[in-house]
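**Student:** This is the structure I have questions about; it appears just below.
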Amino acid sequence: EAGVAQSPRYKIIEKRQSVAFWCNPISGHATLYWYQQILGQGPKLLIQFQNNGVVDDSQLPKDRFSAERLKGVDSTLKIQPAKLEDSAVYLCASSLDTGLLDLAKNIQYFGAGTRLSVL
Amino acid sequence: GENVEQHPSTLSVQEGDSAVIKCTYSDSASNYFPWYKQELGKGPQLIIDIRSNVGEKKDQRIAVTLNKTAKHFSLHITETQPEDSAVYFCAASVRPSARQLTFGSGTQLTVLP
């Protein structure tokens, strides 16, 4: 079974530039998550999708960050304009999420992430 | 919201020794506690999890214990091997469907040969 795919693996940009990250979840997984992981910290949830709808984006800085999952499969996360403090690894995760209380089917599987450096 | 604290931030052990990582959580409604292992350049990978109605769970050399009264849970790795070297994260969720994970800050475990 293929895992969560993310691209690019690395991105270096200057502040005030824009950048986009792409995620392809595990086939059949309904729920998709974007996390921000700053160096030395644990992942912090930015946004959660259920199919193509947003479940929670309360921690997404909406003045500069946006995300979409138009067809309920792939997703893109965009930052415009980027700030120095946005330097981090951006992780995508997916889960089968049947909606039932079955923890085994709601395990989150993570991609390798995109490391963003803002100069 | 939920707050998860993790200690220690770094841990070095000799190969064959045991390693223990501890986490505390703030929200008494939290009911699902996974542990993730993250190797360099890779995403976190689930290694073990426990629900609030269980006090202990084992999987070969790995075990997790949960004390709901004290609101803390721990990861125990026995007979450590060099390939156990990685960053370990604890997490907590208040949702029964294990969504909305709040992660600890991580522990860098180094197993010395």
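If you're matching them up, the sequences are chains P and E in order.
So the first sequence is numbered by this note's numbering: it starts at 18 and just counts up by one.
So the second sequence is numbered by this note's numbering: it starts at 1261 and just counts up by one.
Don't be surprised by glycine CBs; every beta carbon is placed ideally from N, CA and C.
In this text the structure is predicted, and so the values were computed from the model without any measurement.
1. Within the 8 Å Cβ cut-off, does E:F1349 reach chain P?
2. CB-CB under 7 Å to P:Q97, same chain, minus the five flanking residues each way: which ones, in chain order?
3. Within the same chain, show all residues whose beta-carbon is closer than 6 Å to that of E:D1309, passing over the 5 residues directly before and after it, in chain order.
4. CB-CB under 7 Å to P:I124, same chain, minus the five flanking residues each way: which ones, in chain order?
5. Distance, Cα to Cα, E:A1352 vs P:K32?
6. Please state whether DSSP places E:E1265 in a helix, a strand or coil.
7. Just checking: is the beta-carbon of E:T1370 within a distance shorter than 8 Å of some beta-carbon in chain P?
8. Classify E:T1367 as buried or exposed, calling it buried when 16 or more other Cβ atoms lie within 10 Å of its own Cβ.
9. Under three-state DSSP, which class holds P:E102?
10. Going by C-alpha distance, which of E:S1345, E:A1346, E:H1332, E:V1371 is nearest E:E1288?
11. By DSSP, does E:D1319 sit in helix, in strand, or in coil?
12. So, does the CB of E:P1373 fall closer than 8 Å to a CB anywhere in chain P?
13. Pull up the distance between the alpha-carbon of P:Q67 and that of P:K88, whole angstroms please.
14. Among P:A19, P:I29, P:D73, which residue has its Cα nearest to the Cα of P:L5?
15. Spell out the partners DSSP gives P:R132 in its beta bridges.
16. Counting only Cβ pairs nearer than 7 Å, list the residues of chain P close to E:G1315.
17. Going along chain E, which residues have a C-beta under 9 Å from P:Q58?
18. What number of angstroms, rounded off, separates the C-alpha of E:Y1348 from the C-alpha of E:S1286?
19. Mind checking E:V1324: buried by the 16 CB within 10 Å criterion, or exposed?
**Tutor:** Based on what the coordinates show:
1. Numbered from its first residue, the second sequence carries residue 1349 of chain E at position 89. Interface residue, yes.
2. In the first sequence, counting from the first residue as 1, residue 97 of chain P sits at position 80. Excluding residues within five positions, the ones whose Cβ falls inside 7 Å are S35, R81.
3. As a working mapping, residue 1309 of chain E is identified with position 49 in the second sequence. Same-chain partners within the cutoff: P1294.
4. The residue labelled residue 124 of chain P in the question sits at position 107 within the first sequence. Hits under 7 Å: S112.
5. Position 92 of the second sequence holds residue 1352 of chain E. Position 15 of the first sequence holds residue 32 of chain P. Approximately 34 Å, taken between the alpha carbons.
6. Within the second sequence, residue 1265 of chain E is the residue found at index 5, counting from 1. Strand.
7. Taking the second sequence and counting its residues from 1, one reaches residue 1370 of chain E at position 110. No, E:T1370 lies away from the interface with chain P (no Cβ there is under 8 Å from its Cβ).
8. As a working mapping, residue 1367 of chain E is identified with position 107 in the second sequence. With 16 or more other Cβ atoms within 10 Å, it is buried.
9. For the purposes of this step, residue 102 of chain P is taken as the residue at position 85 of the first sequence. In this structure, P:E102 counts as helix in the three-state DSSP scheme.
10. Your numbering for residue 1288 of chain E matches position 28 in the second sequence. Checking the displayed sequence, the identity of residue 1288 of chain E turns out to be Ser instead of Glu. The residue with the shortest Cα to Cα distance from E:S1288 is E:H1332.
11. Within the second sequence, residue 1319 of chain E is the residue found at index 59, counting from 1. In the structure shown, E:D1319 sits in a strand (DSSP, three-state: E or B).
12. Residue 1373 of chain E sits at position 113 when you count from the first residue of the second sequence. No - not a single Cβ of chain P is within 8 Å of the one on E:P1373.
13. Taking the first sequence and counting its residues from 1, the one referred to as residue 67 of chain P is at position 50. Taking the first sequence and counting its residues from 1, the one referred to as residue 88 of chain P is at position 71. If you take the alpha carbons of P:Q67 and P:K88, they lie about 11 Å apart.
14. The structure shown does not extend to residue 5 of chain P, since chain P is modelled only from 18 through 136, so no value can be given for it.
15. Numbered from 1 along the first sequence, position 115 holds the residue referred to as residue 132 of chain P. Partner(s): P:Y27, P:V106.
16. Taking the second sequence and counting its residues from 1, one reaches residue 1315 of chain E at position 55. In chain order: nothing, as chain P lies at least about 17 Å away.
17. Numbered from 1 along the first sequence, position 41 holds the residue referred to as residue 58 of chain P. Going along chain E in sequence order, the residues near P:Q58 (Cβ under 9 Å) are F1363, S1365, G1366.
18. Indexing the second sequence from 1 puts residue 1348 of chain E at position 88. Indexing the second sequence from 1 puts residue 1286 of chain E at position 26. Distance between the alpha carbons of E:Y1348 and E:S1286 is about 20 Å.
19. If you number the second sequence from 1, residue 1324 of chain E lands on position 64. So E:V1324 counts as buried.
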